[in-house]
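Let me begin by presenting the structure, written as structure tokens, before commenting on it.
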Amino acid sequence: MSQMQDDRQAVAVQARAWFEENWDPDLTLGQWWDRVASSGWAFPTWPAEWYGRGLAPDLAAGVNAARRQVGALAPPGGIAQNLAGPTIIAHGTDEQKRRWLPGIVAGQIWCQLFSEPGAGSDLASLQTRAVRDGDEWVVNGQKVWTSGAHVAKYGILVARTDPNVPKHQGLTYFVIDMDQPGIEVRPIKEMTGRAIFNEVFFTDARVPAGNLVGEVGGGWGVALTTLANERTMLGAGSFASAGSSMSIGRHDLGARVGDLVHADGRADQSRSGAGDLVFQVLETYGGAGDPLVRQEVATIYTLLEIARFTDLRVRAAVEAGGRPGPEVSVGKLAASHLLRTMRDTLLRLCGMAATLWGDDAPLGGKVHEVGFSSYLISIGGGTDQIQRNIIGERVLGLPREPRADKDVPFRELEVGTRTGR
Ligand SMILES: Cc1cc2nc3c(=O)[nH]c(=O)nc-3n(C[C@H](O)[C@H](O)[C@H](O)COP(=O)(O)OP(=O)(O)OC[C@H]3O[C@@H](n4cnc5c(N)ncnc54)[C@H](O)[C@@H]3O)c2cc1C
Numbered sequence: 070m071s072q073m074q075d076d077r078q079a080v081a082v083q084a085r086a087w088f089e090e091n092w093d094p095d096l097t098l099g100q101w102w103d104r105v106a107s108s109g110w111a112f113p114t115w116p117a118e119w120y121g122r123g124l125a126p127d128l129a130a131g132v133n134a135a136r137r138q139v140g141a142l143a144p145p146g147g148i149a150q151n152l153a154g155p156t157i158i159a160h161g162t163d164e165q166k167r168r169w170l171p172g173i174v175a176g177q178i179w180c181q182l183f184s185e186p187g188a189g190s191d192l193a194s195l196q197t198r199a200v201r202d203g204d205e206w207v208v209n210g211q212k213v214w215t216s217g218a219h220v221a222k223y224g225i226l227v228a229r230t231d232p233n234v235p236k237h238q239g240l241t242y243f244v245i246d247m248d249q250p251g252i253e254v255r256p257i258k259e260m261t262g263r264a265i266f267n268e269v270f271f272t273d274a275r276v277p278a279g280n281l282v283g284e285v286g287g288g289w290g291v292a293l294t295t296l297a298n299e300r301t302m303l304g305a306g307s308f309a310s311a312g313s314s315m316s317i318g319r320h321d322l323g324a325r326v327g328d329l330v331h332a333d334g335r336a337d338q339s340r341s342g343a344g345d346l347v348f349q350v351l352e353t354y355g356g357a358g359d360p361l362v363r364q365e366v367a368t369i370y371t372l373l374e375i376a377r378f379t380d381l382r383v384r385a386a387v388e389a390g391g392r393p394g395p396e397v398s399v400g401k402l403a404a405s406h407l408l409r410t411m412r413d414t415l416l417r418l419c420g421m422a423a424t425l426w427g428d429d430a431p432l433g434g435k436v437h438e439v440g441f442s443s444y445l446i447s448i449g450g451g452t453d454q455i456q457r458n459i460i461g462e463r464v465l466g467l468p469r470e471p472r473a474d475k476d477v478p479f480r481e482l483e484v485g486t487r488t489g490r
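Per my numbering, residue 70 is the first one in the sequence shown, and the count goes up by one each step.
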């Protein structure tokens with residue numbers, strides 16, 4: 070065994086001992102999340118003084134498995150914990166960390182207010198304005214595709230604070246309280262029947278000056294940290310169950326934690342068990358004897374193995390660079406490819422049954438869940454094409470796309486149907 074494997078094993082043993090000693094199914098959800106957060110095992114890669122253990126991602130890789138072996142419930146995991154927390158740790162002041170991290174580790178729900186109708190891939194073209202007014206900033210504009218905005222306490226918001234400079238330079242990053250009169254959240258219904266994302270309208274919404282993260286005009290650099298963490302979250306490590314790596318919905322902190330662990334176990338299994346779903350479909354709908362089907366199943370198995378391997382490589386790259394870098398795009402692309410391939414194969418294996426919905430849907434709807442969610446990873450967090458651009462330009466060193474607007478003040482640009490003003 071290499072030194073790294075030895076060290077990872079030692080961490081896993083330590084984590085398992087902690088979970089064995091401290092897991093108690095009779096605690097409430099709030100008590101359990103508090104206990105696991107205070108121990109540093111909920112977010113082991115965070116600094117020791119901020120609820121973590123300062124472990125490199127590669128070393129922490131076995132902690133989740135150790136927890137599952139004990140049957141303990143997972144710590145909270147969503148935009149607050151995977152995106153906002155690491156961004157605040159990297160760019161926030163100590164006062165901001167003291168103010169926000171306790172709520173985040175306790176399971177608070179946050180949302181990500183980045184995309185707009187005219188700014189998705191080209192995020193730096195966003196038009197939501199924030200204007201300083203005394204000790205506050207006043208926000209006007211619109212966001213879209215905002216997952217979880219309907220239940221979020223806070224939002225991480227990128228807004229334009231200076232339209233007179235080139236587009237990347239006039240952005241600022243804020244944490245905004247979602248519970249205020251100037252914010253209207255309207256749900257968008259998906260083809261799955263759910264409504265997990267929303268349109269969000271700001272009309273003179275207010276943000277205290279102390280909620281600005283980083284510098285005025287430095288929002289693009291802070292947003293890049295959030296986006297890289299998002300790609301990690303949606304990447305190869307979480308490939309098998311679209312959506313389940315992002316928990317969206319209110320938590321009942323008073324619930325008995327032992328009653329919740331069963332549902333969590335299923336989510337965990339589905340993440341490691343994409344292959345199981347394929348075999349369940351084969352068992353139910355047949356086809357295992359067909360050489361073409363066997364070939365496709367072998368392809369899925371190979372992609373799963375590649376995704377697992379990519380995830381390890383990505384984690385190693387993150388470890389070397391401190392923060393997630395452009396390499397995470399490789400993991401996200403691998404996840405996207407895997408999900409699409411699974412969707413096509415599973416739906417074809419189900420044959421006519423694939424057209425059924427509701428109670429009659431194949432495997433209680435699990436196949437449609439993969440099928441209809443397969444777009445999630447290929448669009449959310451940056452589309453496949455954008456990941457390829459990042460890999461080409463920033464990993465492989467290919468020539469950059471021409472950027473005619475790089476030095477032009479934002480107000481002079483055509484954005485959507487109007488100028489940036
Ligand atoms: C499930 C889900 C959840 C989401 N949750 C959130 C959220 O919580 N918060 C949030 O802010 N956003 C969220 N989004 C939005 C997401 O980040 C955007 O949809 C994404 O960045 C793409 O932007 P767009 O939809 O405006 O597409 P566009 O940017 O308009 O892209 C349209 C097409 O053009 C291609 N394209 C664009 N530019 C280039 C280029 N330079 N080179 C090659 N091809 C290009 C794209 O790949 C795509 O195929 C979510 C999206 C999904 C699907």
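Just so it is clear, CB atoms sit at the ideal spot from N, CA and C, and this is done for glycine as well.
Give the C-beta separation of residue i and residue j to the nearest angstrom, bearing in mind that I take them to be a contact with Cβ-Cβ under 8 Å.
i	j	result
Lys236	Ser184	Contact doesn't hold; Cβ gap of about 15 Å is too wide.
Asn280	Phe243	5 Å
Thr322	Gly99	It should be pointed out that residue 322 corresponds to Leu in this sequence rather than to Thr. Leu322 to Gly99, Cβ: 4 Å. Contact.
Ile225	Gln181	5 Å
Val350	Pro431	7 Å
Arg300	Gly450	6 Å
Gly290	Gln238	With a Cβ gap of about 10 Å, Gly290 and Gln238 do not count as contacting.
Val269	Lys212	4 Å
Asn91	Ser107	Asn91 to Ser107, Cβ: 10 Å. No contact.
Leu407	Gly356	The pair is not a contact, with the Cβ atoms about 20 Å apart (cut-off 8 Å).
Arg319	Val220	5 Å
Gly288	Thr241	4 Å
To which residues does DSSP link residue i through a beta bridge?
i	result
Glu268	Arg255
Ile225	Gln181, Val244
Gln211	Phe270
Glu205	Asp202, Pro277
Thr97	Arg325
Pro478	Pro235
Val282	Tyr242
Ala188	Glu185
Out of curiosity, what's the CA-to-CA distance linking residue i and residue j?
i	j	result
Gly154	Trp214	21 Å
Met302	Pro250	32 Å
Ala218	Val254	7 Å
Ala84	Gly172	23 Å
Ile448	Leu296	13 Å
Tyr120	Thr414	42 Å
Trp102	Ala149	14 Å
Arg201	Leu192	22 Å
Leu373	Val347	12 Å
Asp248	Leu96	30 Å
Phe308	Gly434	Reliability of the predicted coordinates at Phe308 is poor, the pLDDT of 46 falling under 50, and the value obtained from them is presented with this limitation in mind. Distance between the alpha carbons of Phe308 and Gly434: 19 Å.
Asn474	Leu482	The sequence given here places Asp at residue 474; Asn does not occur at that position. In a straight line, the C-alpha of Asp474 is about 7 Å away from that of Leu482.
Pro113	Ala129	6 Å
Val477	Val484	13 Å
Gly420	Gln456	33 Å
Asp127	Asn233	43 Å
Val282	Ala125	25 Å
Tyr354	Ala278	59 Å
Arg363	Tyr370	10 Å
Phe479	Ala159	27 Å
Leu416	Thr424	9 Å
Asp163	Trp115	14 Å
Smallest Cα separation from residue i: which of the options?
i	options	result
Asp231	Tyr223, Asn151, Ile257, Gln196	Gln196
Met411	Trp119, Asp328, Gly440, Glu396	Gly440
Asp273	Gly123, Val207, Ala473	Val207
Ala470	Gly461, Arg201, Val477	Going by the sequence as given, residue 470 is Glu instead of Ala. That would be Gly461, whose Cα lies nearest to the Cα of Glu470.
Gln454	Ala134, Ser190, Pro186, Asp127	Ser190
Ala141	His437, Met421, Trp110	Trp110
Ile446	Pro478, Asp476, Asp428, Leu402	Leu402
Glu259	Val464, Ser443, Pro277, Val484	Ser443
Leu467	Asp474, Ile459, Ala473	Ile459
Arg198	Thr162, Leu96, Arg229	Arg229
Val396	Ile369, Val464, Glu374	Before going further, note that residue 396 is Glu rather than Val in the sequence given. The option with the nearest alpha carbon to Glu396 is Val464.
Val436	Leu293, Asp345, Asn209	Asp345
Arg104	Asn209, Pro144, Met73	Pro144
Glu205	Val234, Ile245, Ala175	Ile245
Ser216	Ile257, Val139, Val227	Ile257
Glu284	Thr261, Gly161, Gln72	Gly161
Ile157	Leu293, Gln72, Met73	Leu293
Ile375	Ala404, Trp87, Glu352	Ala404
Arg77	Val139, Val132, Val326	Val132
- [ ] Please specify which runs of the alpha helix (DSSP H), each continuous and at least 4 residues long, are wholly inside the region 120-186, giving them in chain order.
- [x] 126-129, 132-139, 154-160, 163-174
Task: In chain order, each beta strand (DSSP E) run of at least 3 residues that lies wholly inside the region 399-435 - done: none
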